[in-house]
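Worksheet: one structure, shown below.
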Amino acid sequence: MPMPPGGPAPARPGRKLGPINPGASDARRAWLEPLRESYHASGLTFEQLGRSTGWSRSKISELLRAVGRYPRWECLRALMMALSLPDTSVVALRGLWVLAALELNKRTVWINGCVAKDFPPSDSERPVHFSAFQELYRDIYFDYAHTFLRNPAYAQRTVSEGFFLLYVVWDMALSSENPEQFAWRVLRETVLERTPHPDTDTPPCSTPPSTPSPCTRPKATTPSSTRSRSP
19 MPMPPGGPAP ARPGRKLGPI NPGASDARRA WLEPLRESYH ASGLTFEQLG
69 RSTGWSRSKI SELLRAVGRY PRWECLRALM MALSLPDTSV VALRGLWVLA
119 ALELNKRTVW INGCVAKDFP PSDSERPVHF SAFQELYRDI YFDYAHTFLR
169 NPAYAQRTVS EGFFLLYVVW DMALSSENPE QFAWRVLRET VLERTPHPDT
219 DTPPCSTPPS TPSPCTRPKA TTPSSTRSRS P
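Per this note's numbering: the sequence shown = residues 19 to 249.
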């Protein structure tokens, strides 16, 4: 992803940025390390970033060291804007932020709420291949969600929320080894956290139905299988 030009980082006054918390997951480091590189290359101080973001220096330091709670996307985005990261880098880091949030078992409704302001409300601006995937799987996903949520309107809303989250990380889904499996994980996690009694009503299918996808080669179909998994 595009980053500020290389070379020695400008000297800056004040306390140096400390190391990343050893307990930070690889998924969290995936977006944190490029962000730290941008910080070092910028030459900006915590005080200057604080004036741009409205945060305290300690909060900025904690975010850049993975200390404390997982940050909301709007906080991270504000820091990226203060560092003048290009849009392509912001988009790439947003996808990595989402994947790390999912790994930390953040609720998909929380994730969607964090990133929603980055996207237009209309589906008309979404890529054609994403819309094709959505149309191909919508009914299958709805049937799956309705089986466990028991309410058609709630199931439809859940599927829509799952598709929105998938759209946020769509480029990563396409670059994964199996886009259908990637998408199914997103949908299944969205349904799991909304199932009324997850301890007893665990959705049994951990792999997507074997429906051919317009996003993959014809041979890249995913076999159906059934196995139980505790949420």
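From the three backbone atoms N, C-alpha and C, an ideal C-beta is built for every residue, glycine too. From a predicted model like this one, the values you see are computed outputs, not experimental measurements.
Just to confirm the assignment, what range does the alpha helix (DSSP H) spanning residue i have?
| i | result |
| --- | --- |
| residue 50 | 44-60 |
| residue 189 | 188-193 |
| residue 167 | 146-167 |
| residue 75 | 75-83 |
| residue 129 | 126-133 |
| residue 200 | 197-210 |
| residue 41 | Residue 41 -> no alpha helix (DSSP H), and no H or E assigned at all. |
To the nearest angstrom, how far is it from the Cα of residue i to the Cα of residue j?
| i | j | result |
| --- | --- | --- |
| residue 174 | residue 65 | 46 Å |
| residue 96 | residue 73 | 10 Å |
| residue 150 | residue 163 | 20 Å |
| residue 109 | residue 154 | 26 Å |
| residue 191 | residue 106 | 17 Å |
| residue 146 | residue 112 | 21 Å |
| residue 55 | residue 170 | 47 Å |
| residue 57 | residue 40 | 20 Å |
| residue 210 | residue 60 | 42 Å |
| residue 189 | residue 114 | 11 Å |
| residue 182 | residue 91 | 16 Å |
| residue 48 | residue 121 | 12 Å |
| residue 37 | residue 158 | 46 Å |
| residue 236 | residue 197 | Because the pLDDT of residue 236 is 29, which lies under 50, any placement of that residue in the model is unreliable, and the number read from its coordinates should be weighed accordingly. Using only the alpha carbons, I get a separation of about 13 Å. |
| residue 167 | residue 160 | 10 Å |
So what's residue i in DSSP terms, helix, strand or just coil?
| i | result |
| --- | --- |
| residue 216 | In this prediction, residue 216 scores a pLDDT of 49, lower than 50, which makes its location untrustworthy; the coordinate-derived value is nonetheless stated afterwards. If DSSP states are grouped into helix, strand and coil, residue 216 belongs with coil. |
| residue 180 | helix |
Taking all protein chains shown into account, decide if residue i is buried (16 or more other Cβ within 10 angstroms of its Cβ) or exposed.
| i | result |
| --- | --- |
| residue 143 | exposed |
| residue 104 | exposed |
| residue 320 | Nothing can be reported for residue 320: it is not among the residues displayed for the chain, which extend from 19 to 249. |
(message) Quick check on the DSSP output: what are the complete alpha helix (DSSP H) runs of length 4 or more inside the segment 85-118, in order along the chain?
(response) Listed in chain order, the complete alpha helix (DSSP H) runs (minimum 4 residues) inside the segment 85-118 are 91-100.
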